[in-house]
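Colleague: Count the sequence shown with the UniProt record's numbering and you get residues 1 to 146, in order. Dumping the structure here so I can ask a few things about it.
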Amino acid sequence: MKAMILAAGRGERMRPLTDHTPKPLLMAGGKPLIQWHIERLVRAGVTDLVINHAWLGEKIEAALGDGSRFGASIAYSSEGCALETAGGIATALPLLGDNPFLVLNGDVLTDFPVARLVEAAGRLDGDAAQAHLVLTPRPATRPGAI
């Protein structure tokens with residue numbers, strides 16, 4: 001199974017931290033935010049990863065490389081300018097293939113068990129448009145928070 005980590009956003013709300021560092025590379029708990037996702041995916045057996053990027057994307061590629069140090073294989077989908085969620089996924093489809101795959105927001109950490117996502121994705125019918133969406137509660141500090 002493959003997974004895509006969405007990492008193309010500018011990180012406007014994190015400025016000035018994101019002026020020179022892409023949001024997925026901001027440190028959280030002693031390591032880059034995106035590394036938490038990679039490690040959790042690898043522990044769940046998902047080692048074939050696609051990461052999209054736009055803002056300072058070359059820094060993401062330089063920091064993560066081919067993924068081998070994490071026990072993963074990373075392919076990159078460079079967008080030039082961020083295409084939002086659907087555009088990013090559509091652009092990366094040639095790298096993702098025809099089988100069900102996971103998509104994680106690179107800036108949302110959750111303790112939801114990745115293994116359960118792998119199991120749910122395995123039940124999806126690749127011939128029908130289906131999705132399994134996991135919602136994570138957000139602090140009520142932003143309009144529309146759930």
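All C-beta atoms in this analysis are idealised placements derived from N, C-alpha and C, irrespective of residue type, glycine included. Note that the structure is a prediction, hence the values are computed from the model and not measured.
Less than 8 Å between the beta carbons of Ala44 and Pro24, yes or no?
Modeller: The residue labelled residue 44 in the question sits at position 44 within the sequence shown. The residue labelled residue 24 in the question sits at position 24 within the sequence shown. Not closer than 8 Å, so no.
Colleague: Rounding to the nearest angstrom, what Cα-Cα distance links Phe112 and Gly80 in this structure?
Modeller: The count along the sequence shown starts at 1 and reaches residue 112 at position 112. The count along the sequence shown starts at 1 and reaches residue 80 at position 80. Phe112 and Gly80: Cα-Cα distance of roughly 31 Å.
Colleague: If distances are taken between C-alpha atoms only, which option among Ile60, Ile38, Leu17, Ala28 comes closest to Thr47?
Modeller: If you number the sequence shown from 1, residue 47 lands on position 47. Among Ile60, Ile38, Leu17, Ala28, the Cα nearest to that of Thr47 belongs to Ile38.
Colleague: Can you tell which of Arg10, Trp55, Val50 has the C-alpha that lies nearest to the C-alpha of Gly65?
Modeller: Locating residue 65 in the sequence shown gives position 65, where the first residue counts as 1. It is Val50.
Colleague: What's the call for Asp107, buried or exposed, on a 16-neighbour Cβ count within 10 Å?
Modeller: Numbered from its first residue, the sequence shown carries residue 107 at position 107. Flag for Asp107 reads buried.
Colleague: Considering just the uninterrupted stretch of the beta strand (DSSP E) at Lys59, what are its terminal residues?
Modeller: As a first step, residue 59 must be located in the sequence shown, where it is residue number 59. Counting along the chain, Lys59 falls outside any beta strand (DSSP E), though it belongs to the alpha helix (DSSP H) covering 57-64.
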